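All remarks here apply to the structure that follows.
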Amino acid sequence: MEPGDAHRLGRRLADSRRTREPAARRRALRAIAADAERAAARVARRRAKVPALSYPDILPVTQRKDEILAAIRDHQVVIIAGETGSGKTTQLPKICLELGRGVRGMIGHTQPRRIAARTVADRIAEELGTPSPQAGGVVGYQTRFTDQVHDDTLVKLMTDGILLAEISTDRSLRRYDTLIIDEAHERSLNIDFILGYVRSLLPRRPDLKIIITSATIETARFSAHFGDAPVIEVSGRTYPVEVRYHPLVPGARDADPAASPPTEESGGGRGAGRARGGGSGRNGGSGGNGGPSGRRGQPAETERDQTQAISDAVDELCAEGPGDILVFLSGEREIRDTAEALAREQRPNTEIVPLYARLSAGEQHRVFQPHTGRRVVLATNVAETSLTVPGIRYVIDPGTARISRYSHRTKVQRLPIEPVSQASANQRKGRCGRTADGICIRLYSEEDFAGRPEFTDPEILRTNLASVILRMADLGLGDMATFGFLDPPDPRQISDGELLLTELGAFDAGGTDTGSTDTGSADTGATGSSRTASGRRITPIGRRLAQIPVDPRLARMVLAGDEQGCLREVLVIAAALAIQDPRDRPVEHQQAADERHARFADPTSDFLAYLNLWNYLRDARGELSANQFRRMCRTEFLNYLRIREWQDVHGQLAAVARGLGLNAEARSGD
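So in the UniProt record's numbering, spot 19 of the sequence shown is number 19, and the numbers just go up one at a time.
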């Protein structure tokens, strides 16, 4: 039977044995037996749902299938290392199904991004020949705002954040008999937390299999983290890729990286002092040449505009022959500006396709649909590892990305544009050369590339830790400094996080009993408590904050809104602050945008501008069709996709507020 059923029935059986009344004991045993039969029937039904399995011969993973299958069968943890395109993401769930996994519990398959969870689920369902996730097939997916998981789901794709949220209510993760942690090399805070948590869980779940996939970097560290777990390396399908360096500053040689000492603002760790830049030019990219102006002191007129450099590179690659082009950009605005510039040039038989996380599912799916002519895909780093875009023969890499960093000095989380690491640059290069010889044009110098850090710092070393500290305290996992992270966090950042939580009322001031009890979970084998190393203990307010899926400061706003009788309004404002500003200010139309947005301003509060905008949008939605509403947003310099996300976050916060028993006024926030 399923792990959850076995656990529940085992506890009921133990309770029945303590029942002294024979008749009551017999009734309990009959009920347990009936439930056990139903549980066995569910497993039989799920086993019958397993489809016929086949593996594409062309994929490298297929060549190592038997070895991978044996490793998963014989070990509790297995590391699969391979470049993007090797087939590990789509084929590993099928290998697990062949082993009989996914029947007694689901095969959980985490992805760092929503777009990847959705598209990978669709792809696996297609390969299995089963109905799509939306139609209730054996493959499902769950993201922050969408749940396509059903009773007969065998393989569940999800964001790593969804798995973290489930830990709060299912400490032993008994819904799963297998977990595939994909793209572990990205080392996001969520991934690092999951790796630490499941390591502590394994002794209590000997039936649980963990499969960790990674690019061929740092695999030895993953293996050591799990007691020398076996590593199987799978080569990617690659043809030769020529790398051309076209720096924005012609002939530029970057300054010696050692001449730029590490600073707090540039972050520490492995990339300190070498991840230079962070400014944004017209299109937000420095081209990896030390900032918007290349070398310090370099006359601005000698530097090419990034958009023009991309256009020149597209022309150069078009002359090389047929094949689609993938261009990496730092964000939505850069993608939009570049798309408009390329569209104005009207290249024949050329389609411009954007790809980033906030696009609708239909818009994201465009990149996977068959087409004629040439396609230029403008993507954020979502296309770096999470997705394999078909037909790509050429790559243009400006060498930058938005990388979240926390400043200990200012206590602010920033999202500067920075040069990417060598590993990221090589991942980008590897997106071409899948079907034929490829070309990668880097809009920075070879010297710049050689001076970059080998890897991007793990997120745990460059982010505000308040949220994860709160989650750990709520789960009773003990001190963050001694938790099983791959890289121990900076003690200063732990201190900052605890101080912030204390100011919010989530922690007491230093060990005073607030009526909150330790919650070290015997179910998971966690030996920690809800007290931190500094003696602070989570409070009842902290318990409530941990249930609200936004930054703790915004969560505290929600509780305060309830206390002050203005929850309806605060939910709108908190949701707005949880996303990127929905108001657009294009560089070339800033004055016009400001004039349009001025109507929403309130002289007494910037926050009330969000409320005024929300009410305006609510009225417009009631009067306009969907297409008219989109056009209105464009005219008013409002970002339709962010507005939709604002609505989704608001709906989620309102539902959580109701679940916490907060003021029912939350219902009227639409």
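From the three backbone atoms N, C-alpha and C, an ideal C-beta is built for every residue, glycine too.
If you're wondering where the values come from, they're calculated on a predicted model, not measured in any experiment.
Beta-carbon spacing of residue i, residue j below 9 Å
{"i": "isoleucine 403", "j": "leucine 415", "result": "yes"}
{"i": "proline 133", "j": "arginine 144", "result": "no"}
{"i": "glutamate 183", "j": "arginine 358", "result": "no"}
{"i": "glycine 105", "j": "threonine 178", "result": "yes"}
{"i": "glutamate 351", "j": "arginine 375", "result": "yes"}
{"i": "histidine 150", "j": "glycine 136", "result": "yes"}
{"i": "proline 398", "j": "arginine 452", "result": "no"}
{"i": "leucine 501", "j": "isoleucine 548", "result": "no"}
{"i": "alanine 481", "j": "alanine 506", "result": "no"}
{"i": "valine 241", "j": "glycine 82", "result": "no"}
{"i": "leucine 154", "j": "valine 50", "result": "yes"}
{"i": "tyrosine 610", "j": "alanine 576", "result": "yes"}
{"i": "leucine 326", "j": "cysteine 432", "result": "yes"}
{"i": "serine 421", "j": "glutamate 446", "result": "no"}
Among the options, nearest to residue i - alpha-carbon criterion
{"i": "leucine 201", "options": "His225, Ala220, Asp192, Leu173", "result": "Leu173"}
{"i": "valine 570", "options": "Arg583, Ile212, Gln580, Leu554", "result": "Leu554"}
{"i": "isoleucine 72", "options": "Leu53, Ala609, Ile211, Phe449", "result": "Ile211"}
{"i": "aspartate 490", "options": "Ala506, Leu461, Val120, Thr400", "result": "Leu461"}
{"i": "asparagine 190", "options": "Gly82, Leu164, Gly85, Asp170", "result": "Leu164"}
{"i": "alanine 238", "options": "Phe507, Arg543, Asp437, Val558", "result": "Position check: residue 238 holds threonine in this sequence, whereas alanine was assumed. Considering only alpha carbons, the answer is Asp437."}
{"i": "leucine 13", "options": "Ala33, Glu21, Gln628, His589", "result": "Ala33"}
{"i": "histidine 246", "options": "Asp5, Cys440, Leu559", "result": "Cys440"}
{"i": "serine 360", "options": "Leu641, Ala23, Arg11", "result": "Leu641"}
{"i": "threonine 380", "options": "Val77, Arg113, Gln652, Gly323", "result": "Arg113"}
{"i": "arginine 442", "options": "Ala23, Glu21, Leu329", "result": "Leu329"}
{"i": "threonine 84", "options": "Pro390, Asp581, Arg583", "result": "Pro390"}
{"i": "lysine 156", "options": "Ala125, Pro3, His109, Leu195", "result": "His109"}
{"i": "cysteine 633", "options": "Ile325, Arg585, Ala655", "result": "Arg585"}
{"i": "leucine 195", "options": "Arg568, Thr216, Gly161", "result": "Gly161"}
{"i": "residue 676", "options": "Pro582, Phe193, Asp152", "result": "Examination of residue 676 is not possible in this model, given that the chain is present from 1 through 670 alone."}
{"i": "alanine 6", "options": "Ala28, Glu332, Asp35, Thr19", "result": "Asp35"}
Residue i classed as buried or exposed, judged by whether at least 16 other C-beta atoms fall within 10 angstroms
{"i": "valine 306", "result": "At residue 306 the sequence reads glutamine, which differs from the valine that was named. With 16 or more Cβ atoms within 10 Å of its Cβ, glutamine 306 is classed as buried."}
{"i": "asparagine 639", "result": "buried"}
{"i": "glutamate 384", "result": "buried"}
{"i": "tyrosine 197", "result": "buried"}
{"i": "alanine 259", "result": "Because alanine 259 sits at a pLDDT of 33, beneath the cut-off of 50, its placement in the model cannot be relied upon, and the following sentence gives the value as read from the coordinates. It is exposed - the Cβ of alanine 259 has fewer than 16 other Cβ atoms within 10 Å."}
{"i": "threonine 512", "result": "For threonine 512, the pLDDT reaches just 43, beneath the cut-off of 50, and the residue's location in the model is therefore unreliable, although a value from the coordinates is still provided. By the neighbour-count rule (16 or more Cβ atoms within 10 Å), threonine 512 is not buried but exposed."}
{"i": "isoleucine 58", "result": "exposed"}
{"i": "proline 93", "result": "buried"}
{"i": "threonine 372", "result": "exposed"}
{"i": "glutamine 111", "result": "buried"}
{"i": "glycine 285", "result": "With a pLDDT of 38 at glycine 285, under the threshold of 50, the modelled position of that residue is not reliable, and the figure given next carries that caveat. Buried, because 16 or more other Cβ atoms sit within 10 Å of the Cβ of glycine 285."}
{"i": "threonine 599", "result": "Looking at the sequence provided, one finds arginine at residue 599 rather than threonine. Classification of arginine 599: exposed, given that the 10 Å Cβ count is below 16."}
{"i": "asparagine 283", "result": "Residue confidence is low: asparagine 283 scores 37 on pLDDT, short of 50, so the model does not pin down where it sits. No coordinate-derived value is stated."}
{"i": "valine 587", "result": "exposed"}
{"i": "serine 214", "result": "buried"}
{"i": "histidine 589", "result": "exposed"}
{"i": "threonine 524", "result": "Residue placement at threonine 524 is poorly supported in this model, since its pLDDT is 42, which falls under 50; the coordinates still yield a value, given next. With 16 or more other Cβ atoms within 10 Å, it is buried."}
{"i": "histidine 650", "result": "buried"}
{"i": "glycine 271", "result": "Its pLDDT being 37, under 50, glycine 271 is placed unreliably in this model, and the value from its coordinates should be taken loosely. It counts as buried."}
{"i": "lysine 411", "result": "exposed"}
{"i": "glycine 267", "result": "Annotation note: pLDDT 37 at glycine 267 (below 50); position unreliable, no value reported."}
{"i": "arginine 205", "result": "buried"}
{"i": "arginine 171", "result": "buried"}
{"i": "arginine 30", "result": "exposed"}
{"i": "glutamate 265", "result": "Confidence at glutamate 265 is low in this model, with a pLDDT of 35, below 50, so the placement of that residue is unreliable and no value is reported for it."}
Bridge partners - residue i, DSSP secondary structure assignment
{"i": "phenylalanine 328", "result": "Ala379"}
{"i": "isoleucine 80", "result": "Thr213, Ile232"}
{"i": "isoleucine 181", "result": "Thr110, Ile212"}
{"i": "proline 419", "result": "Thr400"}
{"i": "leucine 355", "result": "Ala379"}
{"i": "glutamine 142", "result": "Asp147, Met158"}
{"i": "phenylalanine 507", "result": "Ile538"}
{"i": "threonine 350", "result": "Arg374"}
{"i": "valine 412", "result": "Ser407"}
{"i": "valine 395", "result": "Leu326, Cys440"}
{"i": "tyrosine 55", "result": "Tyrosine 55 is not bridged to any residue."}
{"i": "glutamate 242", "result": "Ile439"}
{"i": "arginine 583", "result": "Leu638"}
Short CB-CB distance (under 9 Å) between residue i and chain C
{"i": "serine 386", "result": "Of the chains in the structure shown, none is chain C; there is only one protein chain."}
Inside the stretch 148-176 only - alpha helix (DSSP H) runs reaching at least 4 residues: 160-167
Beta strand (DSSP E) segments (min. 3 residues) lying fully within the stretch 105-129: 106-111
Completely contained alpha helix (DSSP H) runs for the stretch 606-650, where each covers 4 or more residues: 607-623, 626-635
Sequence ranges, alpha helix (DSSP H) only - wholly within the stretch 428-491, length at least 4: 446-450, 466-475
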